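Each remark here refers to the structure printed beneath this line.
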Amino acid sequence: MNTRVNIAGIELKNPVMTASGTFGSGMEYAEFADLNRLGAVVTKGVANVPWAGNPTPRVTEVYGGMLNAIGLQNPGVDVFMERDLPFLSKYDTRVIVNVCGHTVEEYTETVEKLNSTDVDLYEINLSCPNVKQGALAFGQDPKVLEETTRAIKSASKKPVIIKLSPNVTSIADMARAAEAGGADCISLINTLIGMKIDINRRKFVLANKTGGFSGPSVKPVAVRMVYDAAHAVKIPVIGMGGISNAEDALEFILAGATAISVGTANFHDPGTTIKVIEGIEEYMSKYGVADINELVGAVSD
Amino acid sequence: MNTRVNIAGIELKNPVMTASGTFGSGMEYAEFADLNRLGAVVTKGVANVPWAGNPTPRVTEVYGGMLNAIGLQNPGVDVFMERDLPFLSKYDTRVIVNVCGHTVEEYTETVEKLNSTDVDLYEINLSCPNVKQGALAFGQDPKVLEETTRAIKSASKKPVIIKLSPNVTSIADMARAAEAGGADCISLINTLIGMKIDINRRKFVLANKTGGFSGPSVKPVAVRMVYDAAHAVKIPVIGMGGISNAEDALEFILAGATAISVGTANFHDPGTTIKVIEGIEEYMSKYGVADINELVGAVSD
Amino acid sequence: MKRKENAQIIEQVELAPGIWSLKLKTEMAKEAVPGQFIGIYPKDGSRLLMRPISICDADSDEGILRVVYRAGGSGTKEISAYKACETVDILGILGNGYDMDAVKGKKVLLLGGGIGIPPMLYGCKALKENGIDCAAVLGYADSNMFLKDDFEAVCDTHIATMDGSFGTKGTVIDALNEQGVSGDVIFACGPMPMLRAIKSYAAEKGMEAYISLEERMACGVGACLGCVTKTVNVDHHTHVKNSRICVEGPVFKAEDVDI
Amino acid sequence: MKRKENAQIIEQVELAPGIWSLKLKTEMAKEAVPGQFIGIYPKDGSRLLMRPISICDADSDEGILRVVYRAGGSGTKEISAYKACETVDILGILGNGYDMDAVKGKKVLLLGGGIGIPPMLYGCKALKENGIDCAAVLGYADSNMFLKDDFEAVCDTHIATMDGSFGTKGTVIDALNEQGVSGDVIFACGPMPMLRAIKSYAAEKGMEAYISLEERMACGVGACLGCVTKTVNVDHHTHVKNSRICVEGPVFKAEDVDI
Ligand SMILES: Cc1cc2nc3c(=O)[nH]c(=O)nc-3n(C[C@H](O)[C@H](O)[C@H](O)COP(=O)(O)OP(=O)(O)OC[C@H]3O[C@@H](n4cnc5c(N)ncnc54)[C@H](O)[C@@H]3O)c2cc1C
Ligand SMILES: Cc1cc2nc3c(=O)[nH]c(=O)nc-3n(C[C@H](O)[C@H](O)[C@H](O)COP(=O)(O)OP(=O)(O)OC[C@H]3O[C@@H](n4cnc5c(N)ncnc54)[C@H](O)[C@@H]3O)c2cc1C
Ligand SMILES: Cc1cc2nc3c(=O)[nH]c(=O)nc-3n(C[C@H](O)[C@H](O)[C@H](O)COP(=O)(O)O)c2cc1C
Ligand SMILES: Cc1cc2nc3c(=O)[nH]c(=O)nc-3n(C[C@H](O)[C@H](O)[C@H](O)COP(=O)(O)O)c2cc1C
Ligand code: FES
Ligand code: FES
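Chains as they are written, first to last, in our numbering: chain A, 1 to 301; chain B, 302 to 602; chain C, 603 to 861; chain D, 862 to 1120.
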């Protein structure tokens, strides 16, 4: 039974990864889940310099999910290279660094610093709804997305995954723009933009007013967008959004995802990634699927 | 205590309405909820001629919500005027007719027929994700939306509510386009586009592949969009998307909705509308709110 | 009148692997007609829609409804964990049911397949009470013949099993033929292939057949238009060629539906 | 080692209106330090995040953890309905706890306000066990003085009530002043205004104060960066001026945080 998948020339032992920002740099969840078993660890977004993020409250629960407005707090790429990468290198898993920035230059500066490391892939966050300038702006206009992708791609010595925002009219257009800009892979969905109001205080629950909406509640939107994106481009697609178990993961794979990420579900059960890996294997045995790649995009009418 | 609100010159005894397509023409739920108590009944979408809708399965449950791809099945405006309107006229509530069509002419034909009736308002569905031509196409491009609104408005002798799709990059742009086209009011959100795959059969659960996603799961997106839309235009906004209880309804009102609609929650509890009305009154007593209009858009930082 | 009600659970037992019998204390029992169904609401917040389940039996004196269901998916599995003394929300009584007046003086064949067997039990009891002659033919997958004793206690019962472990090997139609069961009218419930076969069988034999259809439902009361079946003629309510299974059905005259 | 565990409920009782005491059978009791907390997961699918609740007491011999919490919102209300013999998922042990070594030979004042009172009980017991002198000052809203007896059984206990129905009328600081309680170090937990007042009070008196902070949490283990507090200096982990309450806290030296 083969569970190996290939993303832009990088082989993953299985298609199960962690979603950026929900798994720290791997360290925090290493007590709960054996990182050696994961297809890849995707780190929290990192920038050229430390970011302090947004004021609190930054997170809140909503029906079947949560909102977050962390604001991409991170210690900066230098600390990340000194502390987090050496930690991750000890494990037999692929390392994907999620990169954020306010400007194209900030993205390329971070990527250039990381070029000398043994990081496997970059995931470029062009879709964070929680920072005032940049990020989301890059991710909501196909032309800007294409140009930004091209600039980052030319600074990069590793394959580049472009992470797409679901807060758009046509996800297919955005997927095509990333491909046209030279992306080696796309990942989606980042969070939907949501809001929660405290009716007793008549105030926004989050200091940032809006937050990124994730968790099981968003899954139907995510599956649809992964299906649309996978049909729009030839590069591989990484699917995420509400995956909590193997059934969810398989839905994304059948919709066209070559790999999938587990995000918010880690907060509900830190052992989710491992259960997803085991559940996919059980499904493959049950239905006699010899190679997981047979399942990628295998949904039919 | 005043719970009356005003939509384009039409006074509603309270802000609680039903969401189109989830309450039939009122007849089906009259056994469960006293229609006399509702601010308004919004009917299932009606077209110039009968529509057979999509093949089944048309509905399915998803986490905290459902997908539907009814495809706007309806008996046509003539039957509607003969059978459903006389039934609704017996009640002391406002009647809002939801209108659908494939072309601008189909919309205007229906509206013109209804002009001679005692219908209070039209809600124009420019945002149904479940019909191949028309509808959604009208609702995803601001220019098309504006022109379509203008054409329908000039055919109409009643105030016009334009119902917006949430499947867009900027809801504020769409709201402004409706206002520019002469809309008297906007309502949102219609359903998000979602997909569910049956992993055992490796097929789409819905015959239509995708369906409109509604229910408690979509609420954070809906509240955010109502807030954005209400800040973009001067005309009143009707809010909906996942409202299941009075707290949810108040969240939309605080975000800027003058009235709200209860949709999918009717399927979970046919008495929801009445409970929402009572809960809003309790909240007003508890906090000494003399007039519900004080709460409209009253959220602060 | 249709209503949502919080009903007390009187008994919940597993009849066969994954097949559960649930008895509920509810006044709805007094209104129930065979072929009708109720909606049972799961309690978990992730599952909002009711599960439509046919009435298997109703004791109108005691006010007790019985349903028998397969715990297949997430909602019915959740429901099967409820214990006696807990309560559960139900929506009912839903649908039309079998027309008892139309079969006066005729012999009715009750054909049930798999999880379509339970509603036939209440049908059988009601026919007997109305002095109408009937026989039941039940099709099971294997020897897990839930409700068989209940049927045998009230009427002439014939069995088919797909694996041949009991009665006729094959379908209910095979049993009809092999065991020489005959009658004037068919009441049937079961999987779609069985219903299609019965439709042809009835047409061939010139029998009237009433079949109970299934479709995914949201409202259960005719409001959402989720649960339609295609019909041969234009439906009086929808004005197109389809009917709502939750209101005009679930029982249809086989010749009226395009299945 | 931090882990998610399905723990048996041993006892669930309401101590005062809306204030519940829950005892859980778990090996985590053996690792618990005062000031630490666990995350309790609601079961309903609409609520996915754990509720952070401080440890009120731990019996390491029997392996029993006790928490006392207010059933205020939807999740804690759900949790308060769980009965003994049911199980519940918990995440633990989380956070740093009060530093017992730093207070050797000093007198500790345990200041608890409202639902910040429970963790002080375990703090008090641990101090006594370590032979450290202490006194508790508890601030309640009114005469619903939950846990008062538990404190009185182990240490010198002073009471303040906001409505003046018992002890000093006012806050814990009013009680400190009025009842002339003094010490070297403060351990405190309670609402933010109280903690701010304690921070100033300690600065004024030149006392060391350790305060337990609250913030909305998603992961509880330092991964999401949801639960930060502003700090005076750059934090060693985050490299910006904020610290994760779930890992570096919830207990901070008052002078280190910018509250
Ligand atoms: C009129 C009618 C009567 C029925 N009577 C019985 C009965 O007596 N005993 C019995 O075991 N089953 C009966 N069924 C089928 C039963 O409703 C489904 O098996 C059940 O809804 C599946 O729910 P789940 O939680 O197991 O599956 P899930 O997969 O969790 O269901 C997801 C959604 O799909 C719907 N769904 C899934 N399968 C079906 C189906 N086959 N038919 C309709 N909706 C479906 C569910 O209601 C739910 O909304 C009946 C169906 C209908 C329409
Ligand atoms: C370290 C720590 C220790 C705590 N110890 C206790 C304790 O011993 N006893 C006690 O009664 N309470 C304690 N709290 C507060 C308790 O966590 C909240 O009251 C509880 O999470 C509210 O959940 P809910 O279901 O009632 O409210 P909901 O409104 O349903 O909660 C929605 C979301 O907001 C979060 N939330 C709401 N209020 C708070 C809050 N004040 N602090 C943190 N998260 C919140 C919830 O965890 C949940 O994620 C502690 C909080 C922290 C951070
Ligand atoms: C607390 C939190 C922090 C996140 N931080 C990042 C981030 O730094 N970079 C990024 O690309 N996505 C970030 N995301 C988005 C997730 O990686 C993922 O795209 C999204 O949450 C949907 O998946 P899920 O529903 O499984 O969580 C974050 C999500 C959460 C919940
Ligand atoms: C079964 C179903 C049918 C619907 N039909 C219509 C329709 O005919 N016209 C329309 O404008 N919206 C239709 N909608 C959308 C709802 O009116 C509403 O905008 C949406 O469901 C969000 O609200 P909710 O989450 O409260 O259901 C339909 C929704 C559902 C679930
Ligand atoms: S289930 Fe809604 S019309 Fe039948
Ligand atoms: S709750 Fe996630 S970092 Fe503290």
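Every residue gets a Cβ at the ideal spot worked out from N, C-alpha and C, and that includes glycine. If you're wondering where the values come from, they're calculated on a predicted model, not measured in any experiment.
Determine which residues share a DSSP beta bridge with residue i and list them.
i	result
P537 (chain B)	Answer by DSSP bridge pairing: none, since P537 (chain B) is not bridged.
E1069 (chain D)	D:V1046
H841 (chain C)	H841 (chain C) is not bridged to any residue.
K771 (chain C)	C:T763
T869 (chain D)	Looking at the sequence shown, residue 869 (chain D) is not Thr but Gln. Beta-bridge pairing links Q869 (chain D) to D:K886 and D:T948.
S455 (chain B)	Bridge partners of S455 (chain B): none, in fact.
M195 (chain A)	A:T210
E616 (chain C)	C:W622
V597 (chain B)	Answer is none; V597 (chain B) lacks a bridge partner.
C185 (chain A)	A:I161
Quick one: residues in its chain with C-beta nearer than 6 Å to the C-beta of residue i, no 5 flanking neighbours on either side, listed in chain order?
i	result
E112 (chain A)	A155
P1111 (chain D)	G956, S1073 and L1074
A253 (chain B)	Since the displayed chain B opens at 302 and closes at 602, residue 253 (chain B) lies outside it and no answer follows.
K884 (chain D)	I871, E872, I925 and R927
K153 (chain A)	V160 and G182
V836 (chain C)	K843
Using a cut-off of 7 Å between C-beta atoms, extract the partners of residue i located in chain D.
i	result
S682 (chain C)	Result: empty, since nearest Cβ-Cβ is about 17 Å, beyond 7 Å.
A52 (chain A)	V1101, K1102 and N1103
Which chain A residues are close to residue i, counting only those with a beta carbon under 7 Å from its beta carbon?
i	result
G977 (chain D)	Here the premise fails: no neighbours, minimum Cβ distance about 18 Å.
Which whole-angstrom value describes the C-beta separation of residue i and residue j, a residue pair presumed to lie in contact below a C-beta threshold of 8 Å?
i	j	result
I124 (chain A)	I161 (chain A)	7 Å
R653 (chain C)	I681 (chain C)	7 Å
I494 (chain B)	G513 (chain B)	7 Å
T559 (chain B)	I575 (chain B)	So it is not a contact: roughly 20 Å between Cβ atoms.
N867 (chain D)	D950 (chain D)	6 Å
V77 (chain A)	T110 (chain A)	5 Å
Can you say whether residue i is buried or exposed, counting buried as having 16 or more other CB atoms within 10 angstroms of its CB?
i	result
F87 (chain A)	exposed
G21 (chain A)	buried
A135 (chain A)	Low per-residue confidence applies at A135 (chain A): pLDDT is 48, beneath 50, and the placement is therefore not dependable, though the value from the model is reported in the following sentence. By the 10 Å Cβ count, A135 (chain A) comes out buried.
H760 (chain C)	buried
C687 (chain C)	exposed
D393 (chain B)	exposed
R201 (chain A)	exposed
S127 (chain A)	buried
I want to verify the contact list: residues of chain C whose CB lies under 8 Å from the CB of residue i, in sequence order.
i	result
G906 (chain D)	D646, G647, S648 and R649
T361 (chain B)	R818
Using a Cβ-Cβ cutoff of less than 8 Å, which residues in the same chain neighbour residue i once the five nearest sequence positions on both sides are dropped?
i	result
K520 (chain B)	G542, G543, I544, D549 and E552
E582 (chain B)	M302 and T304
V1089 (chain D)	E1076, T1099, N1103, S1104, R1105 and I1106
V420 (chain B)	L386, V396, I397, V398 and K459
Cutting at 7 Å between CB atoms, please list the residues of its own chain near residue i, excluding the five before and the five after it.
i	result
I277 (chain A)	N14, V16 and R37
Q73 (chain A)	W51, A52 and G53
T937 (chain D)	R912, Y930 and R931
Along chain D, which residues have their Cβ under 8 Å away from the Cβ of residue i?
i	result
I70 (chain A)	C1085, L1086 and G1087
List the residues of chain B that residue i touches, going by C-beta distances under 7 Å, in chain order.
i	result
T210 (chain A)	R525
H668 (chain C)	The amino acid at residue 668 (chain C) is misidentified as His; the sequence shows Arg. The premise fails here: R668 (chain C) is roughly 24 Å from chain B at the closest Cβ pair, so nothing lies under 7 Å.
L254 (chain A)	I498, I500 and R503
T169 (chain A)	Q441, N468, V469 and T470
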